[in-house]
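Residue numbers (the numbering used here), protein chains in the order written: chain X, 201 to 508; chain Y, 201 to 508. I have placed the structure first, in the form of structure tokens, so that the comments after it can refer back to it.
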């Protein structure tokens, strides 16, 4: 019985080392150097080549290396009987919240504007907006959205949320999907933390941006598929948005020819809002491996039909 | 009896309006349109021309428009009998703390590096350092330093302080002036929140930078006089510092010819870490005006000899 490690953009050897450190007896095969595909029952995976898992007749579980699973589920040749798990890691959640806080503070304190001014050697003392007067709307109010909301609120921001159904979480008002217009009308900084599903793909589009508060700003830390990229540039040009911070893109790495790179009101980070630390999640992966072998129910299993 | 408003870099009319709103009967003269200097007993001042106050024979109090008073005290022709007050404003303190938090998060999450990468269209996923693993050393542990320390600590940073004498404040270890080397050895991000005195001028120099932890970073939000500007560039070139965020400068606005503007590891903001809102401090100024008229002791009076 063996564990398969597949990753085209993260270093699988680092993952193998972290797992081996916990249990030196593990049999680990690293893609593409696989000589016994029939031994593999458990795969740890990040952005695998489409159709790959057809070649593993005894595969039972695919564990995502991160919180997202769309990179697994979007493969139309995924064997139907395979279970999929995601990482739920307190550190990952914390890192995401802190990154969102950083971005919201940067927006309210005009940091990006000041750095642009620096490049033209201009001294412009634009007055700032305090967090208390800055409304942040979080789309997607699951584990990550709630944690970010809590951190933003404790640092003074005026936070609201958006989810399938309306509720109040930790004193934060969450609008339901039937109140989207109202949610947007009250949002100045829009933070996207939605999962990728057929309904949320392309949800960040011009029509939506036009419903936001004046002087609105977008922070996308979820997935590139949420954003209609042409619409973002149009929205900024039309003044519906003042700018955007993007950590995720339709295509990653972002192609050199992409217009986002040189847009002065778009801030780019290379998908680093929260990065799984293999060391900190090795136990969680190995626990699911143990459960699979014993036929027990898995932790953090994804509902493959819902997509999260 | 009249109030004098003097400011060469902030709009005095806005200050006059905020004061008038509280008390329409006030007699306010705005420099340089002063026709009755002998009527002035109370001045509200920001960066006045040197020697100016010699022309006001009945002046009793100069109130700084901000938390700093060095712009008043450095005038060698300041009448000896005049009392000087500073602004102590919760909002000012909060704003400063949030700005320091923003800068520390930006450093730990490599934000400035990513924005530099953007300008060269490079996708570099450098792993970040969590706040828990980032030690922030705050030089100057008065009202502003303590508030910043508290906010940084509540957001996970590993915070220490530096003051005249060692103590523990809100669970933060504060090193005394006899432990400077130890303080620096344990500091990765150095935040300067010192007052300007003859002892603190030029304290941020190459010798000090060389004692910091590896991969150190400077955040100066106090005053330009603290920094030996040539030493900063030398320290970055030598690798003693990875970079700096500067909000204050020896000369403001920073002259166009200054090398800081185009240094890729120096981030410039135009003295906006915390800006006094005239509306929010009008009551405090008028209360001191009342106290002066009644011969009562003033709030937030500065010890002119100590300089803070």
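Backbone N, C-alpha and C fix where the C-beta goes; we use that ideal spot for every residue, glycine too. Just so you know, these numbers come straight off a predicted model, no measurement behind them.
Any beta-carbon of chain X closer than 7 Å to the one on residue 463/Y? Mapped onto the second chain, residue 463/Y falls at position 263. No - not a single Cβ of chain X is within 7 Å of the one on residue 463/Y.
Chain Y beta carbons: is any one of them nearer than 7 Å to that of residue 372/X? In the first chain, counting from the first residue as 1, residue 372/X sits at position 172. Not closer than 7 Å to any Cβ of chain Y, the Cβ of residue 372/X fails to qualify, so no.
Cβ pair residue 476/Y, residue 265/Y closer than 7 Å: Translated into positions along the second chain, residue 476/Y becomes position 276. Translated into positions along the second chain, residue 265/Y becomes position 65. It is a contact, given that the beta carbons lie within the stated cut-off.
DSSP state of residue 253/Y mapped onto helix, strand, coil: Translated into positions along the second chain, residue 253/Y becomes position 53. Here residue 253/Y sits in helix by DSSP.
Every unbroken alpha helix (DSSP H) inside the stretch 274-358 of chain X [4 residues or more]: 290-308, 311-319, 343-354
Member of 507/X, 263/X, 237/X, 252/X whose CA lies at the smallest distance from the CA of residue 243/X: The count along the first chain starts at 1 and reaches residue 243/X at position 43. It is 263/X whose Cα lies nearest to the Cα of residue 243/X.
What residues are listed by DSSP as bridge partners for residue 420/X? Indexing the first chain from 1 puts residue 420/X at position 220. For residue 420/X, which the question treats as bridged, DSSP gives the partners 392/X, 446/X.
By how many angstroms is the C-alpha of residue 207/Y removed from the C-alpha of residue 228/Y? Within the second chain, residue 228/Y is the residue found at index 28, counting from 1. Within the second chain, residue 207/Y is the residue found at index 7, counting from 1. Going by the C-alpha atoms only, they are around 14 Å apart.
In chain Y, which residues lie with their C-beta within 7 Å of the C-beta of residue 296/X? As a first step, residue 296/X must be located in the first chain, where it is residue number 96. Within chain Y, no residue comes near residue 296/X; the closest Cβ sits about 11 Å away, beyond 7 Å.
What do you get for residue 364/Y, buried or exposed, if any count of 16 or more other CB atoms within 10 angstroms of its CB means buried? Counting from 1 along the second chain, the entry for residue 364/Y is found at position 164. By the 10 Å Cβ count, residue 364/Y comes out exposed.
Give the range of the beta strand (DSSP E) segment to which residue 218/X is assigned. Counted from its first residue, the first chain places residue 218/X at position 18. Taken as a continuous stretch (DSSP letters only), residue 218/X belongs to no beta strand (DSSP E), being part of the alpha helix (DSSP H) at 212-222.
Just checking: is the beta-carbon of residue 212/X within a distance shorter than 7 Å of some beta-carbon in chain Y? For the purposes of this step, residue 212/X is taken as the residue at position 12 of the first chain. No, because no Cβ of chain Y sits closer than 7 Å to the Cβ of residue 212/X.
6 Å CB neighbourhood of residue 341/X in its chain, flanking five on each side removed: Translated into the one-based positions of the first chain, residue 341/X becomes position 141. Hits under 6 Å: 361, 363, 374.
Measure from the C-beta of residue 314/X to each C-beta in chain Y and report whether the shortest distance is under 7 Å. In the first chain, residue 314/X corresponds to position 114, counting from 1. Judged by the 7 Å Cβ criterion, residue 314/X is in contact with chain Y.
Name the DSSP beta bridge partners of residue 375/Y, please? Here the question's residue 375/Y lines up with position 175 in the second chain. Answer is 362/Y, bridged to residue 375/Y.
Roughly how many angstroms separate the alpha carbons of residue 201/X and residue 240/X, rounded to a whole number? Taking the first chain and counting its residues from 1, one reaches residue 201/X at position 1. Taking the first chain and counting its residues from 1, one reaches residue 240/X at position 40. Each residue's Cα considered, the two are about 6 Å apart.
Residues of the stretch 350-381 of chain X in Cβ contact with chain Y at a cutoff of 8 Å, in chain order, please. 351, 354, 355, 356
Where residue 479/Y sits in the DSSP three-state scheme: For the purposes of this step, residue 479/Y is taken as residue 279 along the second chain, with counting starting at 1. In the structure shown, residue 479/Y sits in a helix (DSSP, three-state: H, G or I).
Using 8 Å for Cβ pairs, my map puts residue 500/X next to residue 261/X. What's the rounded Cβ distance? For the purposes of this step, residue 500/X is identified with residue 300 of the first chain, where counting begins at 1. For the purposes of this step, residue 261/X is identified with residue 61 of the first chain, where counting begins at 1. Contact doesn't hold; Cβ gap of about 11 Å is too wide.
With a cut-off of 7 Å, does the C-beta of residue 305/Y fall near any C-beta of chain X? If you number the second chain from 1, residue 305/Y lands on position 105. Closer than 7 Å to some Cβ of chain X, the Cβ of residue 305/Y qualifies, so yes.
Could you pull the start and end residues of the alpha helix (DSSP H) that residue 242/Y belongs to? For the purposes of this step, residue 242/Y is taken as residue 42 along the second chain, with counting starting at 1. Premise fails: residue 242/Y lies in the beta strand (DSSP E), 240-246, not in any alpha helix (DSSP H).
To the nearest angstrom, report how far apart residue 256/Y and residue 351/X are at their CA atoms. By one-based count along the second chain, residue 256/Y stands at place 56. By one-based count along the first chain, residue 351/X stands at place 151. Each residue's alpha carbon lies about 51 Å from the other.
Quick test of your reading: residue 409/Y and residue 440/Y, contact by CB under 8 Å. State the CB separation rounded to the nearest angstrom. Taking the first residue of the second chain as 1, we reach residue 409/Y at position 209. Taking the first residue of the second chain as 1, we reach residue 440/Y at position 240. Yes, they are in contact, since the Cβ atoms of residue 409/Y and residue 440/Y sit about 5 Å apart, within 8 Å.
Measure from the alpha carbon of residue 481/Y to the alpha carbon of each residue in 292/Y, 298/Y, 473/Y, then state which is nearest. As a working mapping, residue 481/Y is identified with position 281 in the second chain. The shortest C-alpha separation from residue 481/Y is found at 292/Y.
Quick test of your reading: residue 372/X and residue 359/X, contact by CB under 8 Å. State the CB separation rounded to the nearest angstrom. Indexing the first chain from 1 puts residue 372/X at position 172. Indexing the first chain from 1 puts residue 359/X at position 159. Residue 372/X to residue 359/X, Cβ: 5 Å. Contact.
Am I right that residue 328/Y and residue 297/Y are in contact with their C-beta atoms under 8 Å? What's the rounded C-beta distance? Position 128 of the second chain, counted from the start, is the residue given in the question as residue 328/Y. Position 97 of the second chain, counted from the start, is the residue given in the question as residue 297/Y. Not a contact, Cβ separation roughly 22 Å.
Proximity of residue 321/X and residue 456/Y at Cβ, strictly below 7 Å: As a working mapping, residue 321/X is identified with position 121 in the first chain. As a working mapping, residue 456/Y is identified with position 256 in the second chain. In this structure, residue 456/Y lies closer than 7 Å to residue 321/X by Cβ.
Below 7 Å between beta carbons is the criterion; list the residues of the stretch 460-485 of chain X that meet it against any residue of chain Y, in chain order. 461, 467, 468, 469, 470, 471, 472, 475
Is it true that the CB of residue 435/Y sits closer than 7 Å to the CB of residue 406/Y? Translated into positions along the second chain, residue 406/Y becomes position 206. Translated into positions along the second chain, residue 435/Y becomes position 235. Contact flag set, yes.
Using the three-state DSSP reduction, which class does residue 410/Y fall into: helix, strand or coil? Counted from its first residue, the second chain places residue 410/Y at position 210. Correct three-state label for residue 410/Y: coil.
Would residue 427/Y count as contacting chain X if we go by Cβ distances under 7 Å? Residue mapping note: residue 427/Y aligns to position 227 of the second chain, counting from 1. No, residue 427/Y does not count as interfacial toward chain X.
Which residues of chain Y have a Cβ atom closer than 8 Å to the Cβ of residue 318/X, listed in chain order? By 1-based counting over the first chain, the position of residue 318/X is 118. The contacting residues are 461, 467, 468.
Under 8 Å Cβ-Cβ, which residues of chain Y neighbour residue 246/X? Stepping through the first chain from its first residue, residue 246/X is reached at position 46. Simply none; closest approach about 13 Å.
Is any heavy atom in the ligand ZN found nearer than 6 Å to the beta carbon of residue 457/X? The ligand ZN is absent from the structure shown, which contains no ligand whatsoever.
Reduced DSSP secondary structure (H/G/I, E/B, other) of residue 436/X: As a position in the first chain, residue 436/X is number 236, starting the count at 1. Correct three-state label for residue 436/X: helix.
Along the alpha helix (DSSP H) that carries residue 385/Y, what are the first and last residues, could you check? The residue given as residue 385/Y occupies position 185 in the second chain. Segment 380-385, the alpha helix (DSSP H) holding residue 385/Y.
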